[in-house]
Structure formats: structure tokens, C-alpha cells
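Notes for the one structure printed next.
There are 2 protein chains.
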Amino acid sequence: MSVFFFLILIFILYFKYPFNHPFSLQKETKEINAARTFIDILAMKIALLQLDPTVGDLAGNSLLIAGAVRRAPEFDLAVTSELALLGYPPRDLLLNADFVERSWDALRSLAQELADLPPILVGLAEPNRSEVGRPLFNSAALLRRGRVERTFKKTLLPTYDVFDEDRYFEPASEPQILELADAILGISICEDIWNDRDFCRRRRYHTDPVEELVAAGAQAVVNLSASPFTVGKQKHREAMLAELARKHKIPFFYVNQVGGNDDLVFDGRSCAFDRGGRLVARAQGFVEDIIIADSACPAGGLAAIARDDFAPESEIWRALVLGTRDYVHKCGFSAVLLGLSGGIDSSIVAAIAAQALGPQNVLGVLMPSPYTSSASVQDASELARNLGIKTMVLGIADIMKSYDRELAGPFRNLPKDVTEENIQARIRGNLLMALSNKFGLVLLTTGNKSELAVGYCTIYGDMSGGLAVISDVPKSMVYRMARWLNLQGREIIPASVLHKAPTAELRFNQTDQDSLPAYEVLDDILERYLQQHQSKEEILSQGYDEAMVEKVLRLVKNAEFKRRQAAPGLKVTDRAFGSGWRMPVACRAW
Amino acid sequence: MSVFFFLILIFILYFKYPFNHPFSLQKETKEINAARTFIDILAMKIALLQLDPTVGDLAGNSLLIAGAVRRAPEFDLAVTSELALLGYPPRDLLLNADFVERSWDALRSLAQELADLPPILVGLAEPNRSEVGRPLFNSAALLRRGRVERTFKKTLLPTYDVFDEDRYFEPASEPQILELADAILGISICEDIWNDRDFCRRRRYHTDPVEELVAAGAQAVVNLSASPFTVGKQKHREAMLAELARKHKIPFFYVNQVGGNDDLVFDGRSCAFDRGGRLVARAQGFVEDIIIADSACPAGGLAAIARDDFAPESEIWRALVLGTRDYVHKCGFSAVLLGLSGGIDSSIVAAIAAQALGPQNVLGVLMPSPYTSSASVQDASELARNLGIKTMVLGIADIMKSYDRELAGPFRNLPKDVTEENIQARIRGNLLMALSNKFGLVLLTTGNKSELAVGYCTIYGDMSGGLAVISDVPKSMVYRMARWLNLQGREIIPASVLHKAPTAELRFNQTDQDSLPAYEVLDDILERYLQQHQSKEEILSQGYDEAMVEKVLRLVKNAEFKRRQAAPGLKVTDRAFGSGWRMPVACRAW
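So the sequence lines, in the order shown, correspond to chains A and B.
Residue numbers for the first sequence follow our numbering, beginning at 1 and rising by one.
Residue numbers for the second sequence follow our numbering, beginning at 1001 and rising by one.
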């Protein structure tokens, strides 16, 4: 019996005094670490390298990263954005095995070149050597003492909207922890921090890598991101990062890519939050920037927090300027042309191009027809003078007549219809492309999102061009941007452009509202339908006329064949036409 | 001590006599099930409904399914293809909550309408009611006695090439078993059967649903598929199904969709294999068909195995005919037009269109320029006579002159270059689009894959059109198809078309080989690069000239901006340009 009591006694003692419990050692270590965090992290300087890589340009991106690291002031760890060595998004370049191999050669050279500096985390793709699973990982490689020491893998792989990461990547299977000096850093990549159970309306993933990093002892979380700009997104990012930092009581260091790659514009605005959830550093928006985030910096000290302007007009303007500049330059061009109609759309696109590339690199082409009013020509000329861009005038009346003659036979006795309007738009498209071909200029298209949604545009006509600058900007926002622009210094967009009724001038006395509802109404219906995924019934509950709403939705469906062949357009809303809009053409959905 | 020996004795007995082992019960049940399989499955008749749904057409697809079920002879279970009620692929229609809701209304109506018949499995999307995860499941719903009794979910979600299923769907979490009469059926959907460890060169997924179904007692596997056609794929499918059936010693019933939906053509050829891996039934290729698969049918009895022709020319021809017919009809049109140049490409496209829609629904337009030889006009006319299609002649010389006059100023003193060639192609594009607009005809583009790869085509010119019929057929295969076609009865493609050197006739005495390598060489390089993902070094190891290979690869990269705006093209190879080709435009990858 004494043996029995002895066992009971041991049992009680075992649980009564947790310092004897096998798990207590870990717990104690954690407490010490927590205390140490406060000191170590205070002493840790992380360089956030907010760079503008070109997709696929391994040599150029290596130089960009090396230059930035060399320019960075003293740091303990430097961090690039997601897949920085490849440029985000590399898309199907990732399927060329050769491409990923060569990127590792570039990475090893980079490691050797920067061997004398503190460690650097560089984003790139990593082959999955296992027999099973998708071919790559989305990783961050740690360069230290001239070597690629190890990698950290992404866990949550966004596959929605413009993102296709499940197409290429296998997820990490465990928390990605970096021990650096005495600090324990959790390494996360972009989406990894976007599945918080308290912050997300609906969680898309079953795991939360941030929770797992914290459980594994992370004293701070570093995030390599490539998060495309949409209006208002930075506020959302900062609210979420603040919430995560506060909730887990650890600092967050967030590095975002900057620059335009095809339809996506990355706004940068890398930032850091202290363990109280206070913003302690923010890089500039829409430009390259290197900041040293250091949570020793008191929350009130705003020195490292770049000023920014979160007004939608300002955000969109800067996004389109950057997106246009990068698209043109990264395609290997320096100058652009566009048709100037005297309308608001081509006016704002010309202004964006002049800002992006310099007015000397912008050619505005006026192509009057018999239906073009003299006011339109005057407005276009005034705009060009305001901007200081070059102009050229090419009439289309004679070419129109030559088509009429050739088609007189087949079209005999048939009434005029949209066919003749489209011919005009396509003559203009052909002239613009001829100038583009002859002089090596990128043609910019000037259609807005409202038009592209309902098909109020001519395929192979005004839709022709290499980049659709404002194809994700609704018409009412085009007006808001124009008014905002005129308040930034001097009048750019002529007042008459702002005040006349919009018209395509493809027949006499035509206005857009002949065939479309007022743009404020149209834009509200489109936003409900496209962005909020509302059904026809939900839209009708706003009191709109049923026949009108049905017409708009039918127009959206019927324009799918045009959008399928549209130029890449710069994305600024949560749902843009383009790589994130994947609708069937041959279908009967309504 | 006696207690100790007693324990040892029990231990030995426990392992010595496995009938006492807790796992032995399961094993015994399995053996009984295996014996039962042989009887039950022999008695089971499964109707494979190989139908051609239209994407999004819930009412039409319901009618199609109901009609097929009513027409089917006696059966114990009827099975549609994957997502048959929605049409595959529904793409972003799935993101309209409204669309999925309405499909369930349609499903419930269908259940009521078919209440008097044996159970039916219908493919559609199912909302994921959990708080976490992607919004939908890719499911098969069991309709029985007027009700939607339950659903079976897809486990493996293809997200590569043209497939985007991770964008929409959450995977099943357990084997999907249907007990029907006394039989235990494993229900799988498309990709679920494509991860076999012995058959796949590299497994993309960590689980094998077929193994799990077998482990869960499945006595047969039913598969609802929507597997797009590519050359030679049916042989691959049948080899894999035979292997699975043999390996697991159970029959497989495979139902595939048929028909064209945008760029994808589904070839049907639904089939069944007995437990010995013998093909016991195969539906016809490229047409709707309903077959009753019954493994009681002896393997040697070929009555239910549709004859088929696996020659690549025959397969591609039938795919393009079906894809063209369905695209035109599902877009709501009945007739088409195309430019006839007298060359091989427009000739074969005219022949495909005439077969698909009837010659009375095809208009060939000849648009000679000063560079067009009289032989070309004769060849085009002869082809049109052979096919019995209508023709029209529209000269472009006068329109060319009107452009020349308008551009004389800006182009003064500059040499002629590709600009002037593109103007001609765009005049033709404008004339064809004018006829398309005025008469409600779908314009077919006629460029082949070799041209589209290297950019030997004019954007907004000969690339204009609603459907690119042969844009996934390499030039050398176009020739093979033309020769094959002429052997099917009478000469369709004039011999002179087959024998002259290919030319775009955009300047005097031009031939394609002025600027491109011979097509056999070009096509071999392209196949290695595009389909086999070979690097430049691997291609060079074939002995090709380095400068020539570099030029080809550079041309492929530089044509990306054109392909981005290309019409949907019918996919026939493993890697087509289009929805499964996602390359950046602004990049520096070579």
C-alpha cells in the first residue's frame, strides 16, 4: 500500500510543480524569449527593399537588388518583396525549367557579391524536388556569408482574381522560422498573413500561418509581398497589419513590390508595425524606396512614415502614371501616341502619358471626320497645348469615301447602321497603328471601364493599342480625376471638355446617352454587378427601371467577345476586366 | 510468475491466429465484397449520357439531360459528364452567386420531372456552406425518387494549362461512395482518376482518390469527366482506365462531355472497362451519344464499342469542325465569312466551315491587292467552287491609295517597311468586319499556330475575327490535313494550293521563307520549345543553327502582345496559345 501512496504522491507533485513538467522547459524558454524580444527586436534593424523589378529580367533584377542593398544604411537583415529576383507575376515563365535554373545561378552570384554584408532575404521560385506535388515553391532565400544558406516557403497560395499560384506552387508544410542573432523571426510571404480569423470576412484557407509562426515562437513576422494596388487597399493592409501586431503582441515588417507589370500596378508603401500595433515606418507610394524599420523608433516619431495621399483620385492618378511608364519602358519603348478626340477620356489619358513619359514623348493625333465638330478639334488642340505634347492631324473623310465606294455593291439598298460607325473607328485605328509601326511608338487606347463593360467601343478600332490606360476607371471617376487634376496647379483639361455631353461623334448630333443611361446610373449598376456580385433582383431593389437594368446586363454579356481581345488594362479596382476576369464567350447565361 | 507466462501466452495467441485480430473482420468483409462485386456489377446497367451542353444555359442543359434520360434504354443508374448542368467550363459565371442558386432550382425541377426513373447522377457546382475554404464544390448530385438525395464531391482540382479549378472549388475530404441496390460504387470526377502512382510520370497531388475508393470498398468506379480533346488523348485515357481497372480488379465507367465551348473541344468517347481491364463499351467521338455500359457484356463482344479513327488528321479535322459549329451556334449565329487568299490556311478553314455549317452558310471574300497574283485568285475561286460556298470580290487598291495619300505627309522620305504591309492586312480586316457587322456573320480568322507563334500575322488585320479555327495547328499539320482531306473522296484543296510556296503577298514576290526557316524546321523548334519545354541548349543539341534558333525564340517572345489580343483559338495540342498560355507581355525573359 505504501507503494501505492508513493505513486499518488509523485503524481500530485508532478502536476503541482510545473517546473518539473517536461513541457515547462519550453514554456520557460518562451517567457525568456518574450522578454528578450523586447530587447532584441528593439535592437534589430531591418532594411525593407521596395524595388521595381522587371518580369523575367534576371540580370537587371539582380543589379537592382545588389544596388539597393549597397545603398541601404546599416541593417541587420535586408528583405526584398515576393519573387523579387523574377519580378511578380512571372506567370508561365515559371514553366520554363530553364528560367528557374538560371534564376538560381543569378541568386548564387548575388550571394557571392554581397558576401560582406549582413544576411539578405531574396524572393524567388524554388524547384520542388519531391516526386509528388506541384513543380515549385514560392520562396525567400537567405543569402549569408556568400552562400544561399536556406529557403523559406510560402504557405497560402492565392488562386482567385488575377492570382494563379496553385498553378505553379506547392505550399509549405510547416512554419518558416529564421533564427537570427538571438531573435526568432517568422518568415511569411504575401497571402500568408491574409487569413486571420478575426479580420477576414470569410477565410479561404484552413490554416493561419501567422498563428503557427507565433506558436512556433516567432518574436516578429517578416512578410515579403507583391500586393497589387487597388483603390483604398493600403488602408486595408495597414488596418490588418496593426490588428495582427496588436493581437499577437509582436512587430510586423511588410515589404511590398512597386511598379507596373502588364495590367498590375504595385504601390509599394512597405511598412512596419510595433508590437502595440502602431505604424512605425512606411515607405513612399508608387516609387522605389528603401527604409530601415526599427521598432526602437517611438510610435510617435513620424520621421520614417512617408506622407501619402489616400484620396481615390490621387491614388488612381499615381497608379496609372506608374503603370503607363513601366509598361512602355519594360516593353522597350520610350514614347507613345494616342488619338485625341477632344473628349474627356483621351484628354485624361494624354495627361497621364505626359506625366509618365514627359510631354516630348507623347504624340496626340487628331483624326476629324465629317461628323467631328469644330469644338472637338479646338478642345483637343487646347489640351495638347496645356500639356505641351506634339500633335498631328489626319483627316479620315477621303478614306471613309474609299470604303463606301468599295462596299457600295454589297451594301446596296441597305440602311446605314453601326457598321458605318465602326468603319470610321477602324480607319482611325489603322492610321494610329501605321504611325505606331513606322515610328516605334506604343499606341495607348483611351476607353474607360463603363464603355468596355457595355461594349460602347469598336473592336479593332478605338480598342486598338498596346495598353488600355483607363479601362478599369469608370466614366464618373474619369470626370472626378479630371477635376482633381485641374486643382493641382493649373487647368490641364479644358473646361469645355468637362462640361459638354460625352459623344463618340460617329454620326451627327450623337451623344452617349442616346443609347446608354446617364453615366452615374450606369456606373452604379455596373459596380453593383461587377464588383459586388449583386444579382439583377438586388440591383432592381435600388429602384432602377427593370428594362434598363436588363439592357445593361445584356450589353455586358454581349460585349464579352470584344473584351476577350482587349489590350491589357491597368487594374485599379477589385474587379477589373483582364487577367482576373475569366468569362466564357459562347454562353447563354442570362 | 504464472501471471507473467499467462500474459505472454495471450500475446502469442493474439498474433498467431489472425482471425482473432481486430483487423481481420475488415479483411473478411472485403473478401465477401469482392465476391459480391462479381455478381452485382454484372447485373448493373449504367447509362453514360455523353451530351453537348452550352455553358450557362441552365434551361437548355436541363432539357438536354431530361431528353437523354428519357431516350436511354433500360438502366440502373444514368450518369452525365462533369458540371453537365452548367456546361464545362463555366469559368467566372461561378462567381455570380445568383447563377449557382438558379442551377439548383433547375436541378430540383429536373429531379421532379424524372421522378419515375432510376437514379441519375448530374454534375453541377455546390455551395460550400462551411465558414472556411473556397466558395464551391465541384459535385455530382444524385436524383432519386423526385429528390436531390445527396451529392458527391470532386477531390483533385486541376489547376494547370486551361484549368482553374482551385479558383472556385474546395476539395472533397473523404472517399465518395454510393451504395446502390447491393453494389458499392466509388464516385469520382474527372481529375480524381488521374493521379495513379504507377501511371503518372509525376504525381501532382498527394492523394489518390481511386486508391481511397477501393480501400473504402468500391466495387466499381464511375467517373464524370470534362476532358478536352488533344491529339492522341483518347488512347492515353483508355490505357490509363485499362490499367486502373486491371490493377484494382474493378470495372470503370467513364462519361466525357462532347462539344465545343470557346477554345476547348470535348471529344466524348465515353467508355467502360471491365475488371480485367478490357474495353467493353465506347461511345462515338465528336457527337452526342448515349450508351449503356454493362460489364456482363463479354470483352470480345464489340457491339457497343464505336469505331473510331485515331489518325491525327482525322481527329483534328473532326475537332475543328465540331469546335467551329458549336462556337458559331452557341454565340447565336448561323453563318460565317472569311478572307480567301488562295493559300493553304484559308482553304482549309473554308473547308472546315463548310463541313461544320453547310456550304450555304459560308461566305469567302477575295480581296486582291496589286501584289496579289492571278494564280491566287484562281486558286481561291476553284476552292470555293469545290466547296460550293458563296464568294465576293472586294479590291483594296483604291483604299490603299487613300491611306497612302493621308500618310504621305508624316511618312515623307521614309522607306517602305512592314507598316505598309500591315495597312493592307488591316484594310482587309476592316472590310471583313464591315460585312460581319452588316450581315450578322461571324468572321473566322485563318492563321495557323506556326505564324501565331512567331508573330507572322497582323494584329487588327488578318488576326481580326471571332474564332481562330486553326491557330493551334502547326503549318506542317495544315498541309497534312489538306492532303488527308483530298483523299476522303474528291479533291477539295486545289493541287496548286498544296504545291506553291506559302506567301502573304504583302509585297511583290514575297514568300514566308524570306523571313522564316522552312516550316518543317520551324515547327520542330516550336514543338520542342512550346510543348516539350526544352531550353535553347536542348534545341541546339539537334544540330540547328544557333542564330536561327535564337531568332525564332526571340520572335516568339516579341509576338506576345499580339497573342494577348488574339481571338479564341480551338485547342488541339497539349499547349495551345489561349486560356492555357499565360505569358507576361512587358518582360525581358530572353
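Backbone N, C-alpha and C fix where the C-beta goes; we use that ideal spot for every residue, glycine too.
In this structure, residue 80 of chain A keeps its C-beta atom at 8 Å or more from the C-beta atom of residue 221 of chain A. Apart from sequence neighbours up to five positions away, the residues of its chain that approach residue 1527 of chain B with a beta-carbon distance below 8 Å are 1474, ordered along the chain. If you check the CB distance, residue 566 of chain A and residue 452 of chain A come in under 8 Å. In this structure, residue 377 of chain A places its C-beta atom within 8 Å of the C-beta atom of residue 342 of chain A. Contact between the stretch 243-257 of chain A and the stretch 189-207 of chain A is present, with at least three C-beta pairs closer than 8 Å. Under the DSSP assignment, residue 324 of chain A falls in the alpha helix (DSSP H) whose first and last residues are 312-330. Nearest CB-CB separation between residue 479 of chain A and chain B: not below the 8 Å threshold. Interface criterion not met: the Cβ of residue 177 of chain A is under 8 Å from no Cβ in chain B. Using a Cβ-Cβ cut-off of 8 Å, residue 1331 of chain B counts as an interface residue toward chain A, since at least one Cβ of chain A sits closer than that to its own. A contact is defined here as three or more CB-CB pairs under 8 Å, and the stretch 388-403 of chain A meets this definition with respect to the stretch 362-376 of chain A. Relative to the Cα of residue 1292 of chain B, the nearest Cα in the group B:1149, B:1076 and B:1461 belongs to B:1076.
In the assembly as shown, residue 1356 of chain B is a buried residue. Its beta-carbon has 16 or more other beta-carbons within 10 Å.
The beta-carbon separation of residue 65 of chain A and residue 48 of chain A, rounded to 13 Å, does not stay under the 8 Å limit for a contact. Between residue 125 of chain A and residue 62 of chain A, the CB-CB gap reaches or exceeds 8 Å. Residue environment: residue 578 of chain A is assigned as buried (16 or more neighbouring CB atoms within 10 Å of its CB, all protein chains considered). Residues of the stretch 1301-1329 of chain B that bring their beta carbon within less than 8 Å of a beta carbon in chain A comprise 1326 and 1327, in sequence order. Below 8 Å, too few C-beta pairs join the stretch 145-155 of chain A and the stretch 1137-1148 of chain B to call them touching: fewer than three.
When the beta-carbon positions are compared, residue 159 of chain A and residue 1159 of chain B come within less than 8 Å of each other.
Taking a C-beta distance under 8 Å as the contact criterion, residue 1154 of chain B and residue 1177 of chain B do not qualify as a contact pair. Taking a 10 Å sphere around the C-beta of residue 310 of chain A, we find fewer than 16 other C-beta atoms and assign the residue as exposed. Non-local beta-carbon contacts of residue 1471 of chain B in its own chain, meaning distances under 8 Å to residues more than five positions away in sequence, involve 1445, 1447, 1448, 1449, 1452, 1566, 1567, 1569, 1570, 1576, 1577 and 1578 in chain order.
Closer than 8 Å to the CB of residue 412 of chain A there is not a single CB belonging to chain B. Beta-bridge pairing by DSSP links residue 77 of chain A to A:46. For the set B:1237, B:1217, B:1498 and B:1417, the Cα lying nearest the Cα of residue 1191 of chain B is the one of B:1237.
Per the C-alpha coordinates, the member of B:1056, B:1068 and B:1186 positioned closest to residue 589 of chain A is B:1056. One Cα belongs to residue 228 of chain A, the other to residue 278 of chain A, and the distance between them is close to 23 Å.
Straight through space, the alpha carbons of residue 1226 of chain B and residue 538 of chain A are spaced by roughly 33 Å. Boundaries of the beta strand (DSSP E) around residue 1253 of chain B: 1252-1256. For residue 287 of chain A, the secondary structure class from DSSP, reduced to helix, strand or coil, is coil.
The residue from B:1439, B:1428 and B:1408 with its alpha-carbon nearest to that of residue 410 of chain A is B:1439. By the rule that beta-carbons nearer than 8 Å mark a contact, residue 1423 of chain B touches chain A.
In this chain, the beta strand (DSSP E) harbouring residue 392 of chain A covers 390-393. Counting along the chain, residue 1098 of chain B sits inside no beta strand (DSSP E); it lies in the alpha helix (DSSP H) bounded by residues 1097-1113. Sequence-distant partners of residue 1349 of chain B (beyond 5 residues in either direction) whose C-beta falls short of 7 Å from its own C-beta, in its chain, are 1338, 1444, 1446, 1469 and 1470.
For residue 402 of chain A, the closest Cβ of chain B is nearer than 8 Å. Residue 1374 of chain B sits in a helix when the DSSP states are folded into three classes.
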